[in-house]
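K.L.:
Each residue of the sequence shown is one higher than the last, beginning at 549 in our numbering.
Submitted below is the structure of interest, expressed as structure tokens.
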Amino acid sequence: MARPSEISVRIRAAQKQVRLNFERAVRETFAEGVMKLALRDADLSDHTLADLAELDHPYSRRHPENSLHDDRKIHRQSGTLQTEFRDTTTNVGGRIFYTLRNAAHYWPFLRDGTKTARPRRLGALLDEQIKTEVWPKMIARLRAEFRAAFR
């Protein structure tokens, strides 16, 4: 039978391993899941710029929201938007934060809109999708990591 001091050392080692595994699980699950969603929802290819012009610019403020597609989704043009997504995961005091940003110079104009174009709230769409598509995978992964640490 293990002595109490040995059990204490084992528990501390397991706790450290669980923290490391949880952080890795968050990094991997969110990085894969959220990035995949962002790339998918910023990659509509059913209309070219010429098509959108022919449709009288359906994302302009003079047209109702969601008149062509969900306004939060974005059509691919040059591909720059898709290649400029950047994600980071940081650990601050044991709390893990995942951040997705876009470095395309025109991203603020898409995200916030302009005088003539409606805002394209891709972030709001991703928030909804994270709750239904990424979060359940995250919970399952964390449960598996927790079980594995105490086998």
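Using N, Cα and C, we set each Cβ at its ideal position, and we do this for glycine too.
Bear in mind the structure is a predicted one, so any value in this text is a computation, not a measurement.
Just verifying my parser: in three-state terms, what is the DSSP assignment at T636?
P.N.:
Correct three-state label for T636: strand.
K.L.:
By the 10 Å Cβ neighbour count, where 16 or more other Cβ atoms means buried, how is Q551 classified, buried or exposed?
P.N.:
The question names Gln, but residue 551 is Arg in the sequence shown. With fewer than 16 other Cβ atoms within 10 Å, it is exposed.
K.L.:
Could I get the ranges of all uninterrupted alpha helix (DSSP H) runs contained in the region 563-619, with 4 residues as the minimum, in chain order?
P.N.:
DSSP runs (the alpha helix (DSSP H)) wholly in the region 563-619: 597-602.
K.L.:
A575 and R666: beta carbons closer than 8 Å?
P.N.:
Per the sequence shown, the amino acid found at residue 575 is Arg instead of Ala. No; because the gap between Cβ atoms is not below 8 Å, this pair is not in contact.
K.L.:
Would DSSP call T662 helix, strand or coil?
P.N.:
Coil.
K.L.:
State whether the region 645-652 contacts the region 595-607, with contact taken as three or more CB pairs (one from each stretch) at a distance under 8 Å.
P.N.:
With the cut-off at 8 Å, the region 645-652 and the region 595-607 do not touch.
K.L.:
Quick one: what does DSSP say I622 is sitting in, helix, strand or coil?
P.N.:
I622 falls in the coil class under three-state DSSP.
K.L.:
From V582 to W655, what distance separates their C-alpha atoms?
P.N.:
Approximately 18 Å between the Cα atoms of the pair.
K.L.:
Just the Cα atoms here: how many angstroms apart are L585 and T638?
P.N.:
Distance between the alpha carbons of L585 and T638 is about 20 Å.
K.L.:
Roughly how many angstroms separate the alpha carbons of R620 and R668, rounded to a whole number?
P.N.:
Cα to Cα, the separation comes out at about 5 Å.
K.L.:
With DSSP run on the structure shown, which of helix, strand or coil describes R669?
P.N.:
Here R669 sits in coil by DSSP.
K.L.:
For T662, which option in Y607, L616, R695, T628 has the closest C-alpha, if you only look at C-alpha atoms?
P.N.:
The candidate whose alpha carbon is nearest that of T662 is Y607.
K.L.:
Drop a sphere of 10 angstroms on the beta-carbon of V682, count the other beta-carbons inside from all chains shown, and report buried for 16 or more, exposed for fewer.
P.N.:
Label assigned to V682: buried.
K.L.:
Which same chain residues, not among the five before or five after D635, have their C-beta less than 8 Å away from its C-beta?
P.N.:
Contacts found: F578, A579, V582, M583, Y646, T647, L648, R649.
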